[in-house]
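So the structure is just underneath, and the comments pick up after that.
Protein chains: 2
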Amino acid sequence: MNLNEMGVAAKRAAFTLGQLATSRKDQALNAMADALLVNQTQLLRANTQDMATAKVKQPMLDRLKLDEDRIQAMATGLRQVANLPDSIGNIDGGFTNEAGLVISKQRVPLGVIGMIYEARPNVTVDAAALCFKSGNAVILRGGKEAIRSNQALTKILQNVLKAQGLPEAAIQLVSDTSHETARALMQLNDYLDVLIPRGSGPFIKMVVQTATVPVIETGAGNCHIYVDESADLAMAVGIIVNAKTQRPSVCNAMEKLIINEKVAKSFLPAIAKALQPYQVELRGDSTAQKILPLITPATEADWGMEYNDYILAIKVVPDLASAISHINHYNTQHSEAIITNNYQHSVQFTQQIDAAVVYVNASTRFTDGFEFGFGAEIGISTQKLHARGPMGLRELTTTKYVVLGTGQIRE
Amino acid sequence: MNLNEMGVAAKRAAFTLGQLATSRKDQALNAMADALLVNQTQLLRANTQDMATAKVKQPMLDRLKLDEDRIQAMATGLRQVANLPDSIGNIDGGFTNEAGLVISKQRVPLGVIGMIYEARPNVTVDAAALCFKSGNAVILRGGKEAIRSNQALTKILQNVLKAQGLPEAAIQLVSDTSHETARALMQLNDYLDVLIPRGSGPFIKMVVQTATVPVIETGAGNCHIYVDESADLAMAVGIIVNAKTQRPSVCNAMEKLIINEKVAKSFLPAIAKALQPYQVELRGDSTAQKILPLITPATEADWGMEYNDYILAIKVVPDLASAISHINHYNTQHSEAIITNNYQHSVQFTQQIDAAVVYVNASTRFTDGFEFGFGAEIGISTQKLHARGPMGLRELTTTKYVVLGTGQIRE
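Chains as they are written, first to last, in the numbering used here: chain A, 2 to 412; chain B, 2 to 412.
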């Protein structure tokens, strides 16, 4: 099928999905979990072929790999999505207008979602499950390295849909992994309501530049932690070690330490020592270099960079206002934290920082749909339209005004 | 100033606006209203020059024109916006997560909004007022025909900002009306958080195709009214005459009549007669032509077209399902209505029609921020992301998660 045919089929499937009772969706999701386990051998075979032909290095190769544990995890993920509440059909309030029209705002699916992502096959199942549960048809376009794994996964999910009397086109995969087809998908305005890219910063930027379909931008996180002069320094060390080293490759990991000059002298050696076991490379501005003479000088390019690695750049500032101004200039509006015991400073920081999530005295690593208690996550939005921060099932829906009248006309 | 400089200035202004108390914003809006009236002569002079050089025809010329009444209306509009509630700082709920973090979702401005529109100078004041009240900086780019009027208006508003100690860059106008600059504005991702186009269907389509900044698509309305076999025909006539003729040039006007074949024979002559005084051109499918032999045949192109004129195309369908399927295929997801006394049909129609606003027994002309009681309207969104249907002040805001911790780290 070409993209237009897939679009037509997806739109038709979306109409059916939008009317489906929650229990029928949950039943299908649980059957999909069973089917993944039943078809494990065939999945592993497809994945082995992908692994054999992929021209990528570790850690990319690791992300491509499927094994029994990972298939089990995907199945568990499907069952968890089945257990989540369904917001379709919810009424987000309403009112009666001057003319006596009774107007309610009802939650409905977005319609057809395009997902475009890089080499992790688990995204295929994850995204399919979340889109399906929220009543949306999805057109998936994964990386070319994972194509056989993705085809095998999609086939298993589609067989379940078929067996349950549901439209197979609810979950479709673009088999042609060429750039031209990717571009055409990003501009499939007649059929796609939204496009969600997942992957590296440059990949997402390319999608934003190319797409004419509305995009939800996810991902890039140049996250700062500001240590105020009134900070509990032991708490600050604990939070920074966690935010920097617990999983440095992810978007909510800490990338920059901004520190008040009044505590820099005592604090920087302490944090350097605490990070040493993790072999974190420290880079610093001139003041930081005076306190820690062995660190690498930070350049202008460092301040805007997302390392996703065991690297931390340090900037010393005279006051809170300078910290806020620096962060608002260089951040990616993802997650920012202040460590402070000064109440006024906590208020000023949360009010003036422009980001999806602003923390006082906590690790930036909590910016996550599961940690927030949403039970799922399709991505973390770093744009301001539609959704900001962790996006769960509700963020995959929109609203429709339903207006009940008795013959009203406009004067 | 070039666009980048305007972007820097706007971003700085947005920071100030985001922290401003409601009373200060309202005071400035009321002062702007006064200033428009005080500077009326100079405004009319600028507008006369625009009118003299504009190479456009009526009704475009009429939309370009300013007079005392229209300036008075703009001033009244500013005072109305001053009187509206401010949603900035509202808390849209919150929760405490498993780790004990207290998480609240606070309403904040979008940041910097780009408005790109065609020749009506009142949009300049309208958009400036709504963006300002919602704490956003705005960069306006109006049509070249209205450039002198827009410059005069912007200057007056900026002088008020200056006099009130507020950043003039909160409201900026792009003076260069070239296509190249318009394109650059649509791709000013470093500074613009959102782009809102207002104008004709083809104009908005061009913006969607060109922009890399997130766009809120507004406008196009190919609105249908379906007359069910159980409809109160007198009510149907009243609603159709209103929806088609009260103001045919606007996006919520009716464009298509879909009618059940069981009532077509009795109803079509009645509606043709009722529309006759308004000289509405009727077009119809083959069945409609048999009942009304004098009407123009409707072609395939008619079904998808937004006339914005005294034209109505008629399609006769065998049942509700056919009506729904036709509407979902050809509509622009704006406003759709059913006239019925059958409860089941009303439920099926509201559930299955994919549109921003779905009506039972009322005119589509009510899809409007003022009629909905929002007190203002920046446009009517026909896309599904962020906002759908009439957009008031609240739709010009986003949210930020504020997370208060006591040293939590992620396990």
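Even for Gly, the Cβ is constructed at its ideal location relative to N, Cα and C.
Looking at chain A, is there any beta carbon in it that lies within less than 9 Å of the beta carbon of residue i?
i	result
Phe16 of chain B	yes
Asp194 of chain B	yes
Gly78 of chain B	no
Asn309 of chain B	no
Lys401 of chain B	yes
Val242 of chain B	yes
Arg411 of chain B	yes
Ala363 of chain B	yes
Phe367 of chain B	yes
Gly239 of chain B	yes
Gln345 of chain B	no
Gln247 of chain B	yes
Gly390 of chain B	yes
Gly144 of chain B	no
Sorted by chain position, which residues of the same chain lie with C-beta nearer than 7 Å to residue i's C-beta, five sequence neighbours on each side aside?
i	result
Tyr308 of chain A	Glu256
Val209 of chain A	Val216 and Glu218
Ala171 of chain A	Ala14, Leu18, Phe133, Ala138 and Leu162
Gly352 of chain B	Here the sequence assigns Gln to residue 352 of chain B, which means Gly is not the residue at that position. Closer than 7 Å at the Cβ level, and outside the excluded window around Gln352 of chain B, lies no residue.
Leu67 of chain A	Leu44, Leu45, Asn48, Pro122 and Ser150
Ile241 of chain B	Ile226, Met255, Leu258 and Ile272
Return the first residue and the last residue of the alpha helix (DSSP H) that residue i is part of.
i	result
Ile241 of chain B	Leu234 to Thr246
Val9 of chain B	Leu4 to Gly19
Thr211 of chain B	Gly202 to Thr211
Ala130 of chain A	Pro122 to Lys134
Arg46 of chain A	Gln41 to Thr54
Val161 of chain B	Ile148 to Ala164
Leu394 of chain A	Neither: Leu394 of chain A is in no alpha helix (DSSP H) and is coded neither H nor E.
Leu186 of chain A	His180 to Met187
Residues in its own chain within less than 6 Å of residue i by CB, not counting five upstream and five downstream?
i	result
Ala1 of chain B	A query on residue 1 of chain B cannot be resolved here, the shown segment of chain B reaching from 2 to 412 and no further.
Gly200 of chain B	Tyr118 and Glu119
Ala100 of chain B	Gln409
Gln384 of chain A	Glu218
Check whether chain B comes within 9 Å of residue i, counting only Cβ atoms and requiring the distance to be less than that.
i	result
Met306 of chain A	no
Asn190 of chain A	yes
Val57 of chain A	no
Asn329 of chain A	yes
Ala138 of chain A	no
Leu405 of chain A	yes
Leu85 of chain A	no
Met236 of chain A	yes
Asp233 of chain A	yes
Arg121 of chain A	no
Thr49 of chain A	no
Leu102 of chain A	yes
Gly220 of chain A	no
Pro215 of chain A	yes
Gly393 of chain A	no
Gly370 of chain A	no
Leaving out the 5 sequence neighbours to the left and right, which residues in its chain are closer than 8 Å to residue i when beta-carbon positions are compared?
i	result
Arg80 of chain B	Leu30, Asn31 and Ala34
Gly305 of chain B	Asn223 and Tyr331
Ile89 of chain B	Gly19, Thr23, Arg108, Val109, Pro110, Ser135, Gly136 and Thr398
Asn151 of chain A	Pro122, Thr125, Leu141, Gly143 and Leu174
Check for me: the beta strand (DSSP E) holding residue i runs from which residue to which?
i	result
Ala138 of chain B	Ala138 to Arg142
Lys401 of chain B	Thr398 to Gln409
Leu193 of chain A	Taken as a continuous stretch (DSSP letters only), Leu193 of chain A belongs to no beta strand (DSSP E), as it is neither H nor E.
Leu174 of chain B	Ile172 to Leu174
Ile226 of chain B	Cys224 to Val228
Checklist entry - When Cβ atoms are compared, which residues of the stretch 347-361 of chain B fall closer than 8 Å to chain C? => result Among the protein chains of the structure shown, namely A and B, there is no chain C.
Checklist entry - Hey, which unbroken runs of the alpha helix (DSSP H) at 4 residues or more fall wholly within the stretch 234-314 of chain B? => result 234-246, 262-276, 287-292 and 301-305
Item to check | Selection of the stretch 373-388 of chain A by Cβ proximity to chain B, strictly under 9 Å | outcome: Phe373, Gly374, Gln384, Lys385, Leu386, His387 and Ala388
Checklist entry - Of all the alpha helix (DSSP H) runs that stay within the bounds of the stretch 330-388 of chain B, which reach a length of 4 or more residues? => result Fully enclosed alpha helix (DSSP H) runs of 4 or longer: 344-353.
Next on the checklist: Ignoring anything shorter than 4 residues, give me the alpha helix (DSSP H) runs that lie fully in the stretch 59-128 of chain A, in order along the chain.
Outcome noted: 61-65 and 69-84
Item to check | Members of the stretch 88-99 of chain B that neighbour chain A once the beta carbon cut-off is set at 7 Å | outcome: Phe96, Asn98 and Glu99
Checklist entry - What residues in the stretch 3-27 of chain B have a beta carbon less than 9 Å from any beta carbon of chain A? => result Lys12, Ala15, Phe16, Gly19 and Gln20
Checklist entry - Taking any Cβ of chain B, which residues in the stretch 105-133 of chain A have a Cβ under 7 Å from it, in chain order? => result Leu111 and Gly112
Checklist entry - Listed from N- to C-terminal order along the chain, which residues in the stretch 200-211 of chain B have their beta-carbon within a distance smaller than 8 Å of any beta-carbon of chain A? => result Val209 and Gln210
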